[in-house]
Structures are given as C-alpha cells and as structure tokens.
Amino acid sequence: MPASHIESAQLPAAPRTCVLARAPEYSPSSIVAVAIRRQCASIAALLLLVAASPAQADSLRDALRFAYRTSPGLTAARAGLRATDEGVPIAKAAGRPNLSATADYQEFIVRAANSFSAPLRAAAASANLAVPIYQGGRVRNAIRAADARVESGRAGLRSTEADVFSAIVAVYLDVLRDSAIVALNQRNVEVLGTNLQATHDRFEIGDLTATDVAQSDARLQVARGQLELAQAQLITSLENYLRFVGRPAEALEQPPALPNLPGSADVAVDAALDDNPQLVAARADVRATGFDIGVAKAARLPRLSGIASGNYNNFLGSLDSTIPGRTFVQTQRTATVGLSATIPLYQGGLPAAQVRRAKALTSQSMEQAILVERRVIAETRAAFARHRATQFVINSSRAAVSANELALEGVRAENSVGNRNILDVLNAEQELLNSKVQLVTARRDAYVAGFSLLAAMGRAEADDLGLFGGELFQPRLGGAAPEGDRGGVDRRPHEQDGRSGVAMRADAPVEERWP
3 MPASHIESAQ
13 LPAAPRTCVL
23 ARAPEYSPSS
33 IVAVAIRRQC
43 ASIAALLLLV
53 AASPAQADSL
63 RDALRFAYRT
73 SPGLTAARAG
83 LRATDEGVPI
93 AKAAGRPNLS
103 ATADYQEFIV
113 RAANSFSAPL
123 RAAAASANLA
133 VPIYQGGRVR
143 NAIRAADARV
153 ESGRAGLRST
163 EADVFSAIVA
173 VYLDVLRDSA
183 IVALNQRNVE
193 VLGTNLQATH
203 DRFEIGDLTA
213 TDVAQSDARL
223 QVARGQLELA
233 QAQLITSLEN
243 YLRFVGRPAE
253 ALEQPPALPN
263 LPGSADVAVD
273 AALDDNPQLV
283 AARADVRATG
293 FDIGVAKAAR
303 LPRLSGIASG
313 NYNNFLGSLD
323 STIPGRTFVQ
333 TQRTATVGLS
343 ATIPLYQGGL
353 PAAQVRRAKA
363 LTSQSMEQAI
373 LVERRVIAET
383 RAAFARHRAT
393 QFVINSSRAA
403 VSANELALEG
413 VRAENSVGNR
423 NILDVLNAEQ
433 ELLNSKVQLV
443 TARRDAYVAG
453 FSLLAAMGRA
463 EADDLGLFGG
473 ELFQPRLGGA
483 APEGDRGGVD
493 RRPHEQDGRS
503 GVAMRADAPV
513 EERWP
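According to the working numbering, the sequence shown is numbered sequentially starting from 3.
Below, the structure written as structure tokens:
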C-alpha cells in the first residue's frame, strides 16, 4: 500500500508558545498575528516529549529490542522456564546409580561387664552403591513427562514474549495516534479562533448577527475541551509506553511494514494451528499428563536394584580381651554384592488412586487443549477480520478527508457570497476534523490488528521480527545473551522448525505513514 500523508495533520516541526485570547479582544489588524500565536504552552510541552532530535529518535524495533532485554515479565518467564528445565535432570537422577559413604568415630565411656572384648574407641567407614535395574517404567515415563513440560514451558515463554511485544506495539502506535490527534485538535482550535475573530469583525459592521458570533464562540469552546481531552489521552499513552517499554518515548519513528501477513483467514488459521504458542503448550501438557499415568502405574510393579557395600572398622589398638592370653584383630574389613527386589503386595489403594488421578488430569488437559484450539481459531479469524476491516476504513477515511476538504472549501466560498451561514462552515470544519481523526485512528487500529494476527499465528517473537542477529533465549544452554539482557538468552528449539519469517527491518517500506 503506497505511503501517504495528510499535510494538514502533520506535527509541527517545533513548538510555538502562545496564549488563547477571547475573540472580542482582537483587532482586525491583528488576526494573522494572533493566529500564529495560538500554539499553546501545554502542546509545546507534550511535543517536546514525542519530538526530540533525530539522533535520539526511537523506532518500533528499538522499543522491542529494549523491552526484550529488560522486561520484568520476560525475565520472570525465563527464570520460570529455567526452573522447569531442571525437572528433566531431576527425573533422570532417579534412574542413575546412587553412591554414598559414611564415617564415624566412637569413644566407649561405659563398657559391658560381661563382654569378652571391650574396646575403648573405634573408627568405622562404609560405602554403599545401589544401581537401579528395573523400576517398572517409572523413570522412563517421568523423564518423558519432564521433557513434555519443558516443551510446554518454552511455548509458554513464546506466548509471554508475544504478549509483551503486542502490548508494546499497541502503546507505540497509541503515542503516534494521540500525538497526531493532539496536533489536529490544536489546528482546529486555531482555525476556529480565526473564524470567531472574523465572525466578530463581520458582526461589528452589521454583516452577521450575534447568533453567528455565539455559534462560533460555542464551537471554539467545544474544540478547546476536545484539545484538553486529546492532551490527557496523549499523556496516558506516554505513561503506558513508559510502563511497557521501560523508558520514555522520544521522537517515535514511523513503524515498518509488518512481515508475512496472510492473504486469507484460512491461511492464518492453518498457521495458528501449527505454531500458536498457547496451543503448542496445551498439546505438550496433554503429553505430559499421559506420561504421568505411566509413572503412577509403575508404583504397582516390582523394583530391582543391584547393591554393593564395603565396611572398614578400626579399634585403634584399644580392643582388649578379658580372657588371659587371648588377643583380637584390631581392624575388620567386609564387602558384599547382591540384588535387592521390592515387590509391592498391599499399599492401601494408593497406586490405584494415583492412577485414577493421573487419568483425570489427562482428561482435563485434553479438554483444555480443545478449548485453547477453539479460542485460537476464533481469535485468529477475528484478528484477520479486524485487520481487513481497518484497511477498508483507511481507504474510506482517506476519501472522506479529500471530500471534506473540498466541501469545506466550497462552503467557505458560498458563505462569502451569502449562500451559506456560519453554522454550515463550522459543521464542515468539524466534519473534516472527524474524518482526519478517524483516518489516524484507523491506521493505528490496522497496524495493531495486523500484529495481533501475527501473534495469533505464532509469528510475533524476537526471531520472527529479526530483533537480534545473534543468539536468543535458551535457558538449558545458559548461553550468551544480547548485550544488557538480565536473564541469559540463547536460541529456542522452535526456531529450527523451518518457519520462513521476514524480519521487521528498519528500512522496510511503510504501508501507512502517520501525520
């Protein structure tokens, strides 16, 4: 879609301070000068927040990169995933050999009177080795369940990442939209102020009535109120930007074109069913709970382990015999090897209850996966419909702006010859303002809807948007993070699934430009 501008809606290059005076205080010779001074100080302060020098400009890509490094939500999700990763080595540890050693030293303070040997002290050491041979499938299923939960956790991190990015895109576009709306309303106040002065001047010479002056003054007061509301909304958007991105907005650039938008709702749904992170997580949870059933069933089965032990005792020369002429060896060594089998006979119904619980949880996760799938399909189709509708709104709003500009020009010309009254002019100016506001709002809504569609398809993450050229987050490897990242980052395994993402480039063409 070709880039376009609304010339009259562009933000001023630099703020100009002024005061807004009441119309009766103007003189005819000062109309032009007063119109120039109608830039108010509050707008200057707001524009300073969003219009810094070009060297300090922020792009959408910069905002996403900064949030990727510093977002508390993402950092917390990464820490949670690292904790989930540890479930795999914990499960594997149950199937590995267990080696332990003990050592002790004893002093015998009171000895039995009828003992034939009475040591004064003793030192002992022992070592024990147990090697699991058969665990009834408990270890194997526990490992598989842990792996499935890691996959679910990684998909959950992807979902968190997409949610954070979606929120940032929304607030970024909110600032652009609200900045443009403030500029449009400021321009409207200027125009209405000039109209009021002109109406008052014509009233002074008897060309218009007091009703015309009152109508112009009323419309100006309404416009001033709309300007205040627009400024308040801009402040809200700036605060939300600071909240989600983590730093103030500075001279936001035009957003780049969104990559890989689907051509139809069916294409979007197919992609979402394959790669939506919430759906991937739900399916992994189903597999994990299925393996939990195997873990529960293993409690009914025998367990077999190989065992070995060694013992060493030293009485430190203190072992004396109470029988004359009899001596004892002061050190002893023993070693044993064997097998240990545990056969459950009766456990009070515990294994059966655990199996039933595991099956119920599996059924629950399966139903939840179906619920998530339905929600993903609905959200994807809704996002596609919103994006498509906003494209039509953009086209119709652009046409409405052109038509209202022509209409306003004609109404003003007819008013100058007496064929139109002041109210007609005021209404035409309001219609033009409304269509311009609708246009900038539609552009914001279209971009946000498009990004929401990408998020529903599973294509709104750092690797899809090309935010970094290096490694992304991978808790298991604990690899290098992008500079400044607080959580440790490396590349996720889902990046190997062959998706052909097109990066969000700073030099990508822009579908719609903002005033």
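Think of the CB as a built atom: it goes at the ideal place given N, C-alpha and C, for glycine as much as any other residue.
Name the DSSP bridge partner or partners of residue i?
i, result
"N313", "S128 and T336"
"Y107", "A125"
"Y136", "L306"
"G283", "Strictly speaking, residue 283 in this sequence is Ala, with Gly absent from that position. DSSP, once it has assigned bridges, lists no residue as partnering A283."
"D60", "L254"
"L194", "For L194, which the question treats as bridged, DSSP gives no partner whatsoever."
"L101", "L131"
Tell me which residues share the same chain as residue i and place their Cβ nearer than 7 Å to its Cβ, disregarding the 5 neighbours each side in the sequence.
i, result
"V439", "I183 and L186"
"L254", "V52, D60, Y174, V177 and L178"
"G319", "Q332"
"A462", "A164, F167, S168, F453 and L456"
"V357", "I295, A298 and K299"
"T443", "R179"
Here's a check: name, in chain order, each residue in its chain whose Cβ is nearer than 6 Å to the Cβ of residue i, leaving out the five neighbours to either side.
i, result
"E27", "In this prediction, E27 scores a pLDDT of 38, lower than 50, which makes its location untrustworthy; no coordinate-derived value is stated."
"A79", "L159 and T162"
"I309", "A132, G340 and S342"
"H496", "Any answer about H496 is weak, because its pLDDT of 35 lies below 50 and its placement is not dependable; what the coordinates show is given next. Hits under 6 Å: none found."
"A47", "Because the pLDDT of A47 is 40, which lies under 50, any placement of that residue in the model is unreliable, and the number read from its coordinates should be weighed accordingly. Within the same chain, A47 has no close Cβ partners at all."
"R221", "L194 and L428"
"Y136", "L306"
"T336", "N313"
"R24", "Note that R24 scores 34 on pLDDT, short of 50, meaning its location in the model is unreliable; the coordinates nonetheless yield the value given after this. Closer than 6 Å at Cβ, skipping near neighbours: no residue."
"T338", "S311"
"P99", "V133"
"S239", "D176, V177 and D180"
"P279", "A157, R160, S161 and G460"
"E381", "A458"
Going by the beta-carbon positions, is the gap between residue i and residue j smaller than 9 Å?
i, j, result
"G89", "V297", "no"
"S266", "F386", "yes"
"A458", "V378", "yes"
"A126", "N313", "yes"
"T392", "D426", "no"
"L198", "D219", "yes"
"A129", "A103", "yes"
"A259", "G460", "no"
"A301", "P353", "yes"
"R84", "Q108", "no"
"R422", "E416", "yes"
"L236", "Q188", "no"
"I424", "Q217", "yes"
"Y243", "A65", "yes"
I'd like the span of the beta strand (DSSP E) that includes residue i, first residue to last.
i, result
"Q349", "Here Q349 belongs to no beta strand (DSSP E), and DSSP marks it neither H nor E."
Starting from residue i, trace the alpha helix (DSSP H) both ways and give me its first and last residue.
i, result
"V442", "I424 to A458"
"F330", "Looking at the DSSP string, F330 is not in any alpha helix (DSSP H), and its letter there is neither H nor E."
"V224", "A212 to V247"
"I345", "Neither: I345 is in no alpha helix (DSSP H) and is coded neither H nor E."
"V271", "A267 to D277"
"P91", "G89 to A95"
"D209", "Premise fails: D209 is in no alpha helix (DSSP H) and is neither H nor E."
"A464", "A464 to L467"
Using a Cβ-Cβ cut-off of 8 Å (strictly less than) and excluding sequence neighbours within five positions of residue i, which residues of its own chain qualify?
i, result
"A371", "L281, A284, R285, D287 and V288"
"F68", "V247, G248 and R249"
"L363", "T291 and D294"
"D276", "G460"
"P304", "Y136, G138, A343, T344, I345 and P346"
"T211", "F205"
"R151", "T86, G89, A286, D287 and A290"
Assuming residue i contacts residue j under a Cβ cut-off of 8 Å, what Cβ separation, rounded to an integer in Å, is found between them?
i, j, result
"L62", "V171", "7 Å"
"L434", "N406", "4 Å"
"A96", "A144", "7 Å"
"A451", "R388", "4 Å"
"S437", "V413", "15 Å between Cβ atoms; not a contact."
"F317", "P121", "4 Å"
Taking only heavy atoms of the ligand NAP into account, decide whether any of them is closer than 8 Å to the Cβ of residue i.
i, result
"A120", "Here there are no bound small molecules, and the ligand NAP is not part of this structure."
Looking at chain B, is there any beta carbon in it that lies within less than 9 Å of the beta carbon of residue i?
i, result
"D465", "Although the question refers to chain B, the structure presented lacks it and comprises just one protein chain."
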